[in-house]
Amino acid sequence: MIYEMRVYRCVPGRLPALLKRFETVTLKLWEKHGIKQAGFFTTLIGESNQELTYFLAWDSLAEREKKWGAFMTDPDWMKARAESEADGQIVGNIVSQILAPTAFSSVR
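In the numbering used here, each residue carries its 1-based index in the sequence shown increased by 1.
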């Protein structure tokens, strides 16, 4: 199992729109594509309180490539993303890291 950590830094004031999009659209589309989330977090103390950090669980890099590619090109996702950004851009920057648990990690 590998994990992907993604950090979305929102345009100021747009975090609520991002949270709404995940809750009402994105998670349903992930379920359709078999994408497994491993947790979502907002930043209470840190560099910016306009961030959403989440983790995805993958069996392999090949699985990630296949499922993430299918999600990103899904017409329902492209339409929903465009509609959610009708009032302006939501995310200013995305950082993604692929992580492997250590032998002593409580998460495997």
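For every residue, glycine included, the Cβ atom is placed at its ideal position computed from N, Cα and C.
If you draw a 10 Å sphere on the C-beta of Leu16, you find 16 or more other C-beta atoms in it, and that means buried. Annotated three-state conformation of Ser85 is helix, per DSSP.
In terms of Cβ geometry, Glu52 and Val8 form a close pair [threshold 8 Å].
For Leu45, there is no enclosing beta strand (DSSP E), since its DSSP letter is neither H nor E.
Within the model, the alpha-carbon separation for Asp88 versus Phe105 is close to 46 Å. DSSP, read as helix, strand or coil, puts Ala101 in coil. For Phe72, the enclosing alpha helix (DSSP H) covers residues Leu62 to Met73. When DSSP reads this structure, Phe23 sits in no beta bridge, so it has no partner. Inclusion of Cys11 and Val92 in the CB contact set at 8 Å is warranted, their separation being smaller than that value.
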